[in-house]
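Engineer: Sharing a structure, written as structure tokens. Questions coming.
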DNA sequence: CGTATATCCGTACTAACGTACGGTTATACG
DNA sequence: CGTATAACCGTACGTTAGTACGGATATACG
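See the structure below:
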């Protein structure tokens, strides 16, 4: 194996101290991956703005197919990011209780600002 | 098509106002997808802590294969998130100039806190 | 009780992603 | 000039994730 010993041991130590453990990085990646889908992030923004929406209205607001919205909601539900309430034959979704509205809106909009204008970065 | 007219027009309007345009959501998803990889996010944390590292030291610090680090760096480079400098036969990487260190560290660690303890969320 | 609507579920398909491997360039050292 | 090292590139492979479709469940309405 090449590179047996560090070139700059101090900085390697600093990096080791600042880096996330693999397990944490994996969990973080899972959450980020959940956010890294246009339909899902748009749903979160929509729910943040409207507080509560049924699936059909959500599809209308996003101009997306109900199938796509339904699948996205299924994922968000499994991830624990949204909850729902049934009323008659409709299902109303909202963000989960502990959901960090401001953090997410703030961070995602900031990240959007640094995303390259075209291409997927 | 079912659900021709909104159940709650006001909330649909609110959602429409607060939701990201599809194009923006796509760009955001691209960036989040770039962050949604354990190797890449750990590299960003490591570079944030050590300021600059060569590929071999990075692999040592992360306890990862150089192949994995090399591929992750390639992606981060293409995304414009890191830059490099050559010195002899080594290549030293650092975060790009406009990189929002605090924002990222802050947000990612916050997000890690809300990520479920086990499973990938 | 029967039909229509709102939503969910399960499956098959396609595409994108990360990994592993072999080969290549460029620098250092003798 | 030849060998060894640091890092890169291109390709093939397996896995995963999102989409689309058909059918299922449950509620409303007559």
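Chains as they are written, first to last, in our numbering: chain A, 35 to 155; chain D, 35 to 155.
Glycine included, C-beta positions come from ideal geometry on N, C-alpha and C.
Please read all numbers here as calculations on a predicted model, not as lab measurements.
1. According to DSSP, what are the bridge partners of residue 87(D)?
2. In chain order, what residues of the same chain lie with their CB nearer than 8 Å to the CB of residue 135(A), ignoring the 5 residues before and after it?
3. Between the Cα of residue 108(A) and the Cα atoms of 52(A), 125(A), 94(A) and 121(A), which residue gives the shortest distance?
4. Nearest CA to the CA of residue 99(A): which residue from 56(A), 44(A) and 73(A)?
5. Report the residue from 149(A), 44(A) and 146(A) whose alpha carbon sits nearest the alpha carbon of residue 94(D).
6. In the DSSP output, what is residue 118(D) paired with across the bridge?
7. Return the residue from the list 119(A), 115(A), 120(A) and 90(A) that minimises the CA-CA distance to residue 67(A).
8. When burial is assigned at 16 or more other CB atoms within 10 Å of the CB, is residue 62(A) buried or exposed?
9. Among 92(A), 110(A), 123(A) and 149(A), which has the Cα closest to the Cα of residue 39(D)?
10. Distance, Cα to Cα, residue 104(A) vs residue 75(A)?
11. Applying a beta-carbon distance threshold of less than 8 Å, which residues of chain A neighbour residue 146(D)?
12. Is it right to say residue 101(D) is buried, meaning 16 or more other beta carbons lie within 10 angstroms of its own, or is it exposed?
Structural biologist: So, from the data block:
1. As a position in the second chain, residue 87(D) is number 53, starting the count at 1. Bridge partners of residue 87(D): 127(D).
2. On the first chain, residue 135(A) is found 101 positions in, with the first residue counted as 1. Here the set comprises 82 and 129.
3. On the first chain, position 74 is the one that residue 108(A) refers to. Selected option, being the one with the closest Cα: 125(A).
4. Indexing the first chain from 1 puts residue 99(A) at position 65. Measuring from the Cα of residue 99(A), the nearest candidate turns out to be 73(A).
5. If you number the second chain from 1, residue 94(D) lands on position 60. It is 44(A).
6. Numbered from its first residue, the second chain carries residue 118(D) at position 84. Looking at the DSSP assignment, residue 118(D) forms a beta bridge with 127(D).
7. As a working mapping, residue 67(A) is identified with position 33 in the first chain. Ranking the options by Cα distance to residue 67(A), first place goes to 115(A).
8. Your numbering for residue 62(A) matches position 28 in the first chain. Under this definition residue 62(A) is a buried residue.
9. For this step, residue 39(D) is matched to residue 5 along the second chain. Among 92(A), 110(A), 123(A) and 149(A), the Cα nearest to that of residue 39(D) is on 92(A).
10. The count along the first chain starts at 1 and reaches residue 104(A) at position 70. The count along the first chain starts at 1 and reaches residue 75(A) at position 41. Each residue's Cα considered, the two are about 14 Å apart.
11. For this step, residue 146(D) is matched to residue 112 along the second chain. Residues of chain A passing the Cβ test: 54, 58, 61, 62 and 65.
12. Taking the first residue of the second chain as position 1, residue 101(D) is located at position 67. When all chains shown are included, residue 101(D) counts as exposed.
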